[in-house]
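Report on one structure; see the data block that follows.
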Amino acid sequence: MNKATRKAIIAGNWKMNKTATEAAALIADLIPAVKNADCEVVICPPFTDLVKAVELTKGTNIHVGAQNVHFEKSGAFTGEISADMLKDLGVAYVITGHSERRQYFAETDVTVNKRTAAALAAGLKVIVCVGETLEQREQGVTAELVALQTKIALGGVSADDMKNIVIAYEPVWAIGTGRTATSEQAQEVCKNIRAVVAELYGNAVAEATTIQYGGSMNAGNADELLGKADVDGGLIGGASLKPADFAAIVTAASK
Ligand code: 13P
């Protein structure tokens with residue numbers, strides 16, 4: 000992390016876990032556990048928990064994010080949620096391009112870009128996820144693939160909008176597998192992503208952009224991963240559902 004030029008952000012992606020009732024209990028445990036954080040703390044519960052999450056975190060240092068957003072403003076899109084709907088609830092962040100959306104819900108780089116643009120237009124901060132599969136890593140195309148995903152996701156995003164963009168490097172092979180990227184692998188790709196941002200927007204913007212690592216980050220490996228110069232935070236899945244573990248990661252990012 001380089002806290003001199005950018006914000007460290009720890010975000011919990013709860014995925015499809017926790018009913019609203021269960022979310023309230025988890026948030027009640029999280030509030031005291033992260034209250035002394037010296038980094039930004041975000042939780043991203045399912046849509047059905049967002050109202051409760053915003054209400055319960057009011058006046059605390061926890062920000063609320065959604066896990067997805069539709070790119071159209073409104074209309075006949077049954078089952079979808081717009082950026083304005085999220086903003087109106089008091090949601091601050093939204094994740095776009097998570098690999099599970101790409102893998103299971105036909106998300107493409109182009110729709111990631113459309114969702115990102117819609118979220119920015121509504122005044123949301125966006126955590127854009129990029130990352131390679133195991134096959135792509137073994138083929139040696141990680142750098143090109145992640146650069147391509149980043150460039151397409153950021154198409155049409157202005158330099159000024161970049162203050163509302165966080166990029167999360169999530170190698171697909173490390174998600175939910177217990178198999179973490181080594182801190183060197185995480186650093187290498189996060190550094191490459193920063194070089195892509197520099198190519199698009201210049202050094203000052205690149206140095207100010209928060210780039211997270213995600214993929215089996217936990218209380219035991221957070222220190223090591225976050226100790227790397229270009230790893231500015233984490234997007235946490237499984238460990239974000241355990242208050243003590245999430246708090247330990249927040250503590251690691253607060254150093
Ligand atoms: P895990 O931390 O469970 O591997 O999930 C990472 C992730 O996908 C966060 O978005």
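In numbering that gives the first Met the number 0, the protein residues as written are 0 to 254. Glycine residues also receive a C-beta, built at the ideal position from the N, C-alpha and C atoms.
Contact belief for residue i with residue j at Cβ below 8 Å, rounded distance in angstroms
i	j	result
I8	V41	6 Å
G232	C38	7 Å
Q135	Y168	Their Cβ separation, rounded to whole angstroms, is 13 Å, which puts Q135 and Y168 out of contact at 8 Å.
I192	T149	6 Å
V127	T115	6 Å
Cβ-based burial, residue i [other Cβ within 10 Å; buried from 16]
i	result
Y103	exposed
A3	exposed
T18	exposed
S98	buried
M216	buried
S157	exposed
K124	buried
Residue i CB to nearest heavy atom of the ligand 13P below 6 Å
i	result
G219	no
N12	yes
L234	yes
G122	no
G175	yes
S182	no
G64	no
G237	yes
S253	no
G214	yes
Under the three-state DSSP convention, the category residue i falls into
i	result
L133	helix
C189	helix
G214	coil
G233	strand
N1	coil
A146	helix
I8	strand
A24	helix
T208	coil
S182	helix
A167	strand
S73	coil
CA-to-CA distance, residue j to residue i, given in whole angstroms
i	j	result
I151	P242	35 Å
G89	Q138	43 Å
Q66	P44	7 Å
H62	T56	7 Å
E206	R5	7 Å
A246	V33	5 Å
V195	V53	34 Å
G96	G201	24 Å
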